[in-house]
Amino acid sequence: MQAPPPLTAGKLRCIPISGQCELGRSAWYFEGDGEIVLIDAGIGFVPHGFKGGVDALLPNLEYLKKNKDRIKALFISNPHEEYSGDLMNFIEQLEVKSVYLPKVLIELHKNKFPPGLQITPLESSTKYKVGNKFELTAFNVTFSTVDAFAFLIES
Numbered sequence: 000m001q002a003p004p005p006l007t008a009g010k011l012r013c014i015p016i017s018g019q020c021e022l023g024r025s026a027w028y029f030e031g032d033g034e035i036v037l038i039d040a041g042i043g044f045v046p047h048g049f050k051g052g053v054d055a056l057l058p059n060l061e062y063l064k065k066n067k068d069r070i071k072a073l074f075i076s077n078p079h080e081e082y083s084g085d086l087m088n089f090i091e092q093l094e095v096k097s098v099y100l101p102k103v104l105i106e107l108h109k110n111k112f113p114p115g116l117q118i119t120p121l122e123s124s125t126k127y128k129v130g131n132k133f134e135l136t137a138f139n140v141t142f143s144t145v146d147a148f149a150f151l152i153e154s
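Sequential numbering from 0 applies to the sequence shown in numbering that gives the first Met the number 0.
See below:
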């Protein structure tokens with residue numbers, strides 16, 4: 000993955016790192032003024048009938064690994080694997096320090112989280128201040144899983 004061009008002060012970059020025009024692998028990052036916020040950490044599913052020894056498709060984290068010191072938080076919108084299946088890999092590989100998660104996802108992973116990880120359960124209509132650049136408001140949405148959210152992102 001080629002690194003994006005430098006950002007000028009006050010500008011915002013919104014990049015899908017996977018999951019566009021396909022089912023699964025939802026993962027985005029928002030970047031501005033030296034800070035990065037991650038939205039979702041999904042896995043992709045191998046096409047039906049494929050027999051190449053591949054179990055799942057994962058997002059490309061190379062740019063984020065090189066910039067992990069700028070990552071302020073990871074938000075997960077819902078517990079479905081297409082949005083949260085690579086959660087533990089994101090936390091480990093990107094050394095994420097703070098996560099904002101649906102309560103059901105916290106319960107599912109409570110014995111797997113590394114010590115010191117700041118875990119915040121998402122609440123509908125609540126605004127979360129992240130770093131100096133971002134404010135995200137979570138709100139409930141109807142989806143195929145329980146405890147699903149969408150985010151209003153302000154910078």
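Every residue gets a Cβ at the ideal spot worked out from N, C-alpha and C, and that includes glycine.
In the DSSP assignment, VAL129 falls within the beta strand (DSSP E) that extends over 125–129. The beta carbon of ILE152 lies closer than 7 Å to those of PHE29, PHE133, LEU135 in the same chain, with the five residues before and after it left out. Cβ contact annotation for ILE118 (same chain, cutoff 7 Å, sequence separation greater than five): VAL98, LEU100, ILE105, PHE112, in chain order. Inter-residue distance for ARG12 and ALA147 is about 25 Å (C-alpha atoms, whole angstroms). Checking the DSSP bridge columns, you'll see GLU153 partnered with GLU134.
Per DSSP, SER25 lies in no beta strand (DSSP E) segment and is marked neither H nor E. The C-alpha of TRP27 is placed about 10 Å away from the C-alpha of PRO58. Looking at the DSSP output, PHE44 shares a beta bridge with ALA55. Within the model, the alpha-carbon separation for ALA8 versus PRO46 is close to 41 Å. Shown here for ILE35: same chain residues with a beta carbon closer than 8 Å to its own, the five before and five after excluded, namely TYR28, PHE29, LEU63, ASN66, ARG69, ILE70, LYS71 in chain order. In the structure shown, PHE89 adopts helical secondary structure according to DSSP, grouped into three states.
The beta-carbon distance between GLY31 and SER154, rounded to whole angstroms, is 5 Å. This is short enough to meet the 8 Å contact definition.
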